[in-house]
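Engineer: One structure is given below, represented as structure tokens, and several questions about it will come after.
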Amino acid sequence: MIMKQADVTLQNNQILVSGDIDFSNVMSVYEKSLPLLSAAAEPRIDFSQVTSSDSSGLALVIEWIKLAGQQQKRIHIIHLSDDLMSIAKAARVGHLISL
């Protein structure tokens, strides 16, 4: 199976996450997202273009929520996959994610 490179970009005033997120690339996605998150008054992060993710995608979301809290910002996560929501519920952190 060929993996699609993970990326994070700014499109239509939203932070768009795309590709396959896993343990091998989650830190680069996080680091690339930092200036985009800092620049947004109320970050909106769109997962509609994420083709696959393991639990590292959930860890990424939790880090973004933590960072937004430190910056006293409200963050919106949209189009998070059912798989990631299932992982979040199993880990008992689903309540942290406002969709």
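Every letter in the sequence shown is one number past the one before it in the working numbering, and letter 14, counting from 1, is 113. Ideal Cβ positions, reconstructed from N, Cα and C, are used throughout, including at glycine. All of these numbers come straight from a predicted model, not from anything done at the bench.
#1: CB-CB under 6 Å to V116, same chain, minus the five flanking residues each way: which ones, in chain order?
#2: So if DSSP puts G118 in a beta bridge, which residue, or which two residues, is it bridged to?
#3: Could you tell me the distance, in whole angstroms, from the CA atom of I164 to the CA atom of M102?
#4: For the alpha helix (DSSP H) containing V160, list its first residue and its last residue.
#5: Let me know if G168 comes out buried or exposed under the rule of 16 or more other beta-carbons within 10 Å of its beta-carbon.
Structural biologist: Inspection of the coordinates gives the following:
#1: Here residue 116 is taken as the residue at index 17 of the sequence shown, counted from 1. Closer than 6 Å at the Cβ level, and outside the excluded window around V116, lie V107, F146, V149.
#2: Taking the first residue of the sequence shown as 1, we reach residue 118 at position 19. V149.
#3: Within the sequence shown, the letter at position 65 stands for residue 164. Within the sequence shown, the letter at position 3 stands for residue 102. So the alpha carbons of these two residues sit roughly 26 Å apart.
#4: The residue labelled residue 160 in the question sits at position 61 within the sequence shown. Where V160 is concerned, the enclosing alpha helix (DSSP H) stretches over 154-169.
#5: Residue mapping note: residue 168 aligns to position 69 of the sequence shown, counting from 1. Looking at its Cβ environment, which holds fewer than 16 other Cβ atoms inside 10 Å, G168 is exposed.
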